[in-house]
Amino acid sequence: MEIRVRNIRKEFDRYPALHDVSLDIRSGELIALLGPSGSGKTTLLRLIAGLEFPTSGRIFFGEEDASTKSVQDRNVGFMFQHYALFKHMTVAENIGFGLSVRDSKTRPTKAEIRRRASELLDLVQLSGLEDRYPQQLSGGQRQRVALARALAIEPRMLLLDEPFGALDAKVRKDLRRWLRELHDKIGLTTVFVTHDQEEALELADRVVVMSQGRIEQVGSADDIYDRPASPFVFSFIGQSNTLPVKVRGGEIAYRDIVLGRTDEADGEWQMFVRPHDLEAAAPGTPALRGTVSLSRRAGGSRFSEFALGEDRRRIEVEMPAGEGGEPGSELNVLPRRWQLYPGGASA
Ligand code: ATP
């Protein structure tokens with residue numbers, strides 16, 4: 045089911061949590077809403093679910109205007125981090141809950157609900173746990189049961205708010221892979237909220253980066269990482285260094301150090317550079333120079349930090365471990381890839 049969000053504004057007591065948000069979600073897509081705390085991710089998800097209503101704007105499910113429909117009429121499956129399983133119900137009863145509260149005309153028989161719960165338990169790879177109670181399950185198992193419960197009503201889409209938020213890193217990673225496989229199997233349009241960029245970039249077909257109630261960029265992991273649309277996206281995703289630079293006649297300079305060439309107009313710009321896009325400069329050439337103050341090893345790389353020039357601007361460099369960068373050593377580096385954004389204000 046395709047979801048189209050059109051010019052949504054949402055105010056809480058006149059405070060705008062979302063400003064004029066528009067978004068097209070393709071049918072069968074797995075899409076992540078990613079952003080810092082308070083950026084409006086959960087609000088957007090709740091508006092799609094029908095748990096909140098927009099101050100203005102519309103939401104379409106396919107051709108149907110769902111904006112004023114109730115949660116029940118929208119027929120969406122949702123799972124929230126704090127939307128816990130019912131403690132006094134078994135796993136099978138939890139999964140069947142949404143079906144068992146339907147009115148008598150559409151309610152399946154008890155046997156049918158139980159059969160459906162077992163099928164869903166197979167799907168989430170928890171066969172045989174029908175009669176356990178939630179407290180007899182691990183955190184990861186509980187989340188999978190919650191997902192089975194969301195799927196039981198045969199929803200038109202799945203909306204997940206920080207689905208793995210409360211779990212430890214290893215379980216999160218396993219569940220992430222599992223959710224991707226499950227999604228590929230059932231092909232249900234799925235929107236999930238996360239503040240974990242690794243989770244978003246690894247799991248989603250496309251990522252929606254949000255900040256302060258607005259969408260900053262929508263794109264694949266490669267688009268977002270390699271072609272960030274704004275300084276916010278550049279610095280929010282991955283690591284980055286920022287330098288105020290001047291462009292004169294195609295030359296980019298930080299103070300009097302020429303860093304490279306560009307087609308951009310003369311003026312003041314901000315240069316954003318990833319730590320792994322800084323490379324060692326040939327001895328004697330003008331370069332960004334400093335004495336390494338901190339360094340840490342991460343896998344095959346070494347991350348080193350130095351303070352640049354008088355304003356002690358922090359520069360982080362990622363180099364293959366073994367190529368230097370230990371504390372106390374000198375580093376001379378130049379950017380090999382960068383992005384320029386207009387404006388001189390130092391970030
Ligand atoms: P987090 O990652 O912390 O959950 P988020 O990106 O999901 O953040 P939202 O929960 O959508 O952000 O909140 C967006 C803004 O709207 C915040 O400033 C929040 O305080 C405000 N807000 C959300 N729900 C309500 C509410 N029911 N009443 C008043 N303000 C709200």
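Going letter by letter, the sequence shown gives residues 45 to 391 in the numbering used here. Note that beta-carbon positions come from the ideal geometry of N, C-alpha and C, so glycine has one too.
Cβ-based burial, residue i [other Cβ within 10 Å; buried from 16]
i: E285; result: For clarity, residue 285 is Asn in the given sequence; the question names Glu instead. N285 should be labelled buried.
i: Q116; result: exposed
i: G366; result: exposed
i: T87; result: buried
i: R221; result: exposed
i: K54; result: buried
i: K229; result: exposed
i: P272; result: buried
i: T329; result: exposed
i: R90; result: buried
i: T112; result: exposed
i: E354; result: exposed
i: E312; result: exposed
i: E137; result: buried
i: T238; result: buried
i: A331; result: buried
i: E85; result: The question names Glu, but residue 85 is Lys in the sequence shown. Looking at its Cβ environment, which holds 16 or more other Cβ atoms inside 10 Å, K85 is buried.
i: A342; result: exposed
i: A155; result: exposed
Proximal residues to residue i (C-beta, below 6 Å), its chain only, five neighbours per side dropped
i: G26; result: Nothing can be reported for residue 26, as the shown portion of the chain is limited to 45 through 391.
i: Y385; result: P275 and Q314
i: S171; result: L165
i: M201; result: M45, V120 and T233
i: R151; result: none
i: Y298; result: L287 and V289
i: A242; result: In the sequence under discussion, the amino acid at residue 242 is Glu, which differs from the Ala named in the question. The answer is none, since no qualifying residue turns up.
i: H227; result: L74 and T234
i: P199; result: N119, V120 and G121
Close beta carbons around residue i, own chain, < 7 Å, minus the five adjacent residues each side
i: S337; result: E349, F350, A351 and P371
i: A391; result: The predicted model places A391 with a pLDDT of 46, which falls under 50 and marks its position as unreliable, so this point remains unresolved.
i: L95; result: V115
i: L247; result: L74, A76, R220, L223 and R224
i: G334; result: F350, A351, L352, I359 and L375
i: E260; result: V253, M254, A273, S274, F276 and V277
CB contact flag (residue i, residue j, <7 Å)
i: G257; j: L62; result: yes
i: D321; j: P379; result: yes
i: G282; j: G72; result: no
i: F280; j: Q383; result: no
i: P327; j: E360; result: no
i: D205; j: F124; result: yes
i: V252; j: V262; result: yes
i: A325; j: V289; result: no
i: P80; j: I52; result: no
i: A190; j: F122; result: no
i: V135; j: R176; result: yes
i: I75; j: R250; result: yes
i: D266; j: V291; result: no
i: A93; j: L167; result: no
i: S373; j: M254; result: no
i: R48; j: D64; result: no
i: R186; j: L129; result: yes
i: I139; j: A192; result: yes
i: S339; j: G369; result: yes
8 Å Cβ shell around residue i - same chain, five flanking residues per side excluded
i: G294; result: R305, T306 and D307
i: V28; result: With the chain represented from 45 up to 391, any question about residue 28 goes unanswered, as that position is not in the structure.
i: R50; result: S66, G101, R102, I103 and F104
i: Y269; result: L245, I281 and G282
i: K131; result: Y177, P178 and Q179
i: I197; result: N119, G121, G142 and L143
i: D218; result: G184
Residue i at chain D interface by Cβ criterion, 7 Å
i: T134; result: You won't find chain D in this structure, because it holds only one protein chain.
Can at least three beta-carbon pairs, one atom from the segment 162-170 and one from the segment 101-112, be found at a separation below 8 Å? no
Below 8 Å, can you find three or more Cβ-Cβ pairs linking the segment 341-348 to the segment 301-310? no
For the pair the segment 176-185 and the segment 141-150, tell me if three or more CB-CB distances fall below 8 Å. no
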